[in-house]
Amino acid sequence: MSAVPGIVAVNTFREAVRDRVLYNLIVFALMMIGASVLVGEISIGISRLVIINLGLSAISIFGLVMAVFIGVGLVYKEMEKRTLYCLLAKPVRRWEFLIGKFGGLVLTLTVNTFFMALGLGAALYYVSREFLRSDAMIVIAIYFIVLELALVTALALFFSCFSSPMLSTLYTLGIYVAGFFSGDIREIGMVTHSPAMQTAARAISYLLPNFRNFNVIAAASHGDAIPFSLIWQNTAYAALYVALALIGASAIFSGRNLK
Amino acid sequence: MSTPAIEIEGLTKDYPVGFWRQRMHRSLDHLTLQVQDGEVFGFLGPNGAGKTTTLKVLMSIIFPTSGSARVRGKSIDDVSMHREIGYLPEQPYFYDYLTARELLDYYARLFGFAASERRERIIRFLERVGLGGAADVQLRKFSKGMLQRVGIAQAILHDPQVIFLDEPMSGLDPVGRREVRDIIHDLKREGRTIFFSTHILSDAEMLCDRVGVLVGGKLQGVGAPREIVSMEVYAMEILFETPEGHPLPNSLAKSATQVGGRYRAEVPEDQLYPVLDELRRCEARILSVTPLRPTLEDYFFKLVARDKSAPPQLVEVGAR
Ligand SMILES: Nc1ncnc2c1ncn2[C@@H]1O[C@H](COP(=O)(O)OP(=O)(O)O)[C@@H](O)[C@H]1O
Ligand SMILES: [Mg+2]
Chain Z
35 MSAVPGIVAV NTFREAVRDR VLYNLIVFAL MMIGASVLVG EISIGISRLV
85 IINLGLSAIS IFGLVMAVFI GVGLVYKEME KRTLYCLLAK PVRRWEFLIG
135 KFGGLVLTLT VNTFFMALGL GAALYYVSRE FLRSDAMIVI AIYFIVLELA
185 LVTALALFFS CFSSPMLSTL YTLGIYVAGF FSGDIREIGM VTHSPAMQTA
235 ARAISYLLPN FRNFNVIAAA SHGDAIPFSL IWQNTAYAAL YVALALIGAS
285 AIFSGRNLK
Chain E
14 MSTPAIEIEG LTKDYPVGFW RQRMHRSLDH LTLQVQDGEV FGFLGPNGAG
64 KTTTLKVLMS IIFPTSGSAR VRGKSIDDVS MHREIGYLPE QPYFYDYLTA
114 RELLDYYARL FGFAASERRE RIIRFLERVG LGGAADVQLR KFSKGMLQRV
164 GIAQAILHDP QVIFLDEPMS GLDPVGRREV RDIIHDLKRE GRTIFFSTHI
214 LSDAEMLCDR VGVLVGGKLQ GVGAPREIVS MEVYAMEILF ETPEGHPLPN
264 SLAKSATQVG GRYRAEVPED QLYPVLDELR RCEARILSVT PLRPTLEDYF
314 FKLVARDKSA PPQLVEVGAR
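Chains as they are written, first to last, in the numbering used here: chain Z, 35 to 293; chain E, 14 to 333.
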């Protein structure tokens with residue numbers, strides 16, 4: 035096993051930290067503090083629900099924005115600034131570089147999510163002075179968010195291997211939105227009664243990442259149990275999707291003439 | 014003889030040009046070249062000749078349209094080849110959020126050096142390129158010349174056997190150029206092979222065992238610098254002053270040009286002494302007499318001019 039991806043990942047993480055990417059945590063903290071003070075007047079049951087819902091939504095959106103906007107620039111920046119020239123002259127394969135960049139951003143997003151989760155926990159404790167057994171669902175919801183972010187990062191990286199950051203952002207966000215409706219697309223196909231349309235709709239729905247399964251924010255804020263099977267299903271699904279996206283990205287990037 | 018350090022065979026690179034990408038521009042045209050172990054090889058050519066393209070192909074930054082190359086017997090597609098080489102890109106640019114020390118540490122890790130070894134090497138090589146005092150300065154604060162030095166440090170950090178330098182002297186002041194020349198000399202003494210590109214001929218004349226001249230993507234000639242240009246003197250240059258009121262000697266009246274109160278004349282070598290005698294008679298003060306040789310520069314200009322007028326053919330200039 036090569037050490038190269040790990041070395042590249044650590045440098046990518048360091049870049050994010052030095053570029054003050056983690057400053058978004060301050061905004062998140064201020065949001066949580068503001069919300070905690072505001073919901074103080076409502077009954078405890080409702081204020082818990084509001085805090086969890088708001089907190090998880092914010093964690094998801096903050097992470098998503100970072101994954102897309104940093105993700106599409108990961109490779110592009112190194113190409114554009116020609117920092118890749120020196121790196122690729124070292125014993126580094128292109129796919130190792132890609133995996134390293136991917137790993138570095140996922141590490142950044144995970145650390146970022148971890149601190150936001152701590153903030154959510156603190157806010158929750160502040161409004162209700164207790165943790166409930168059902169709050170374990172919040173942890174699962176956060177795990178799903180991290181999986182989703184890894185998936186989005188892999189997509190952003192994939193697109194950025196053959197298109198500009200701007201287009202890659204559009205494609206990634208487009209797929210993200212479409213991914214919420216992949217179930218609906220299949221159903222639309224069924225209604226048409228045309229076998230060709232049905233096959234096409236099914237193919238599209240399989241190709242699109244199913245992001246709806248990763249969103250358990252509503253369940254977590256109501257304290258509803260999340261089926262255990264969903265945990266491993268989502269894990270396996272994300273792993274497979276990320277692997278395919280990275281293999282595709284490597285195949286394209288490995289044959290590319292760099293600028 | 015052992016395997017050459019660098020073997021390039023028929024390397025060709027076409028770039029798509031034009032908005033619709035239907036035309037191809039040939040930047041490198043069947044380059045065939047060998048560099049022996051321990052040699053300092055100067056890859057000469059005017060801007061746009063294809064020097065950088067060649068190096069980028071060798072580093073697998075871009076891929077050749079056709080042809081192949083080997084370094085120390087290993088194909089350039091083989092990633093393990095990269096353990097044995099160093100590369101300084103043209104106008105290198107690095108992660109500006111890192112310090113020089115952190116940058117070199119990043120690269121040294123890729124070669125698998127242990128922590129203590131990395132520490133020691135980084136200091137040693139930063140000092141070698143004159144950046145000992147700037148180890149902990151972020152690269153965003155580095156001048157162009159300092160970046161060039163970091164670039165050289167990262168190219169030699171792992172003691173590579175073959176070193177590729179793309180315009181290593183560019184962006185440096187005269188002191189810096191001198192220092193880079195010294196580094197190249199030291200590397201040669203250590204037995205390393207150096208392949209460097211330049212459009213500055215005097216650098217090549219001073220440093221190289223052999224040079225190859227590339228114009229318009231085609232190799233025009235390979236040989237020792239003194240083989241490429243004949244060392245024959247074609248004229249003598251005389252700089253002199255005349256006392257006020259004295260006319261110029263007849264033989265120089267037409268050919269001498271006045272430059273800031275002085276005169277400059279070019280005369281054939283066999284005319285030197287008669288002309289000097291005449292100058293003595295009119296009490297001129299001789300400031301300097303310099304033999305004029307065609308320089309690589311002249312050779313270059315001739316080649317470039319020919320490249321523009323007629324399709325050049327490969328010329329063998331001097332055997333090794
Ligand atoms: N990415 C590219 N796309 C199209 N043409 C290129 C590209 N890079 C270089 N060229 C062309 O290839 C030729 C050789 O360029 P280069 O190798 O940079 O020359 P040198 O390093 O000798 O100055 C030039 O005509 C240049 O315009
Ligand atoms: Mg160049």
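Note that the Cβ used here is the ideal one computed from N, Cα and C, for glycine as well.
8 Å contact criterion, which residue i and residue j should meet: CB distance rounded
i, j, result
"residue 246 of chain Z", "residue 235 of chain Z", "Not confirmed; about 16 Å, so no contact."
"residue 151 of chain Z", "residue 93 of chain Z", "7 Å"
"residue 211 of chain E", "residue 57 of chain E", "6 Å"
"residue 53 of chain E", "residue 201 of chain E", "5 Å"
"residue 162 of chain E", "residue 146 of chain E", "12 Å between Cβ atoms; not a contact."
"residue 101 of chain E", "residue 178 of chain E", "5 Å"
"residue 168 of chain E", "residue 99 of chain E", "4 Å"
"residue 192 of chain Z", "residue 282 of chain Z", "6 Å"
"residue 62 of chain E", "residue 117 of chain E", "About 31 Å; that fails the 8 Å criterion."
"residue 132 of chain E", "residue 170 of chain E", "Not quite, the Cβ-Cβ distance comes to about 12 Å (not below 8 Å), so this is no contact."
N- and C-terminal bounds of the alpha helix (DSSP H) containing residue i
i, result
"residue 29 of chain E", "First-last for residue 29 of chain E: 19–30, but that is the beta strand (DSSP E), not the alpha helix (DSSP H)."
"residue 287 of chain E", "285–294"
"residue 288 of chain Z", "262–288"
"residue 214 of chain Z", "199–214"
"residue 50 of chain E", "From DSSP, residue 50 of chain E is part of no alpha helix (DSSP H); its letter is neither H nor E."
"residue 173 of chain Z", "170–194"
"residue 187 of chain E", "187–202"
"residue 106 of chain Z", "Element bounds for residue 106 of chain Z: n/a, residue is neither H nor E."
"residue 256 of chain Z", "251–256"
Minimum Cβ-Cβ distance from residue i to chain Z less than 8 Å
i, result
"residue 144 of chain E", "no"
"residue 95 of chain E", "yes"
"residue 327 of chain E", "In this prediction, residue 327 of chain E has a pLDDT of 38, which is less than 50 and means its spatial position is unreliable; nothing more can be read from the coordinates."
"residue 233 of chain E", "no"
"residue 181 of chain E", "no"
"residue 56 of chain E", "no"
"residue 129 of chain E", "no"
"residue 73 of chain E", "yes"
"residue 167 of chain E", "yes"
"residue 76 of chain E", "yes"
Residues bridged to residue i [DSSP beta-bridge criterion]
i, result
"residue 276 of chain E", "E/253 and E/271"
"residue 65 of chain E", "Note: residue 65 of chain E sits in no beta bridge, so no partner."
"residue 37 of chain E", "E/29"
"residue 44 of chain E", "E/24"
"residue 248 of chain E", "E/305"
"residue 112 of chain E", "E/151"
"residue 57 of chain E", "E/211 and E/226"
Beta carbon proximity, residue i to chain E, threshold 8 Å
i, result
"residue 145 of chain Z", "no"
"residue 39 of chain Z", "no"
"residue 142 of chain Z", "no"
"residue 247 of chain Z", "no"
"residue 55 of chain Z", "no"
"residue 261 of chain Z", "no"
"residue 43 of chain Z", "no"
Close beta carbons around residue i, own chain, < 8 Å, minus the five adjacent residues each side
i, result
"residue 288 of chain E", "251, 262, 264, 265, 278 and 280"
"residue 186 of chain Z", "98, 101, 102, 105, 206 and 210"
"residue 130 of chain Z", "36, 38, 39 and 42"
"residue 190 of chain E", "182 and 216"
Close beta carbons around residue i, own chain, < 7 Å, minus the five adjacent residues each side
i, result
"residue 268 of chain Z", "178, 181, 247 and 248"
"residue 35 of chain E", "none"
"residue 55 of chain E", "209, 211, 217, 220, 221 and 224"
"residue 298 of chain E", "253 and 254"
"residue 89 of chain Z", "66, 154 and 157"
"residue 47 of chain Z", "138, 141 and 142"
"residue 304 of chain E", "246 and 249"
Residue i, enclosing beta strand (DSSP E) - first and last residue
i, result
"residue 231 of chain E", "231–236"
"residue 299 of chain E", "298–305"
"residue 101 of chain E", "98–101"
"residue 136 of chain Z", "Run containing residue 136 of chain Z: none in the beta strand (DSSP E); it sits in the alpha helix (DSSP H), 128–162."
"residue 208 of chain E", "206–211"
"residue 90 of chain E", "It is not in any beta strand (DSSP E) - residue 90 of chain E carries neither H nor E in the DSSP assignment."
"residue 179 of chain E", "175–179"
"residue 223 of chain E", "223–228"
"residue 83 of chain E", "79–84"
6 Å CB neighbourhood of residue i in its chain, flanking five on each side removed
i, result
"residue 50 of chain Z", "142"
"residue 66 of chain E", "26, 40 and 41"
Partners in chain A for residue i, counting only beta-carbon separations shorter than 7 Å
i, result
"residue 116 of chain Z", "Here the protein chains are Z and E, and chain A is not one of them."
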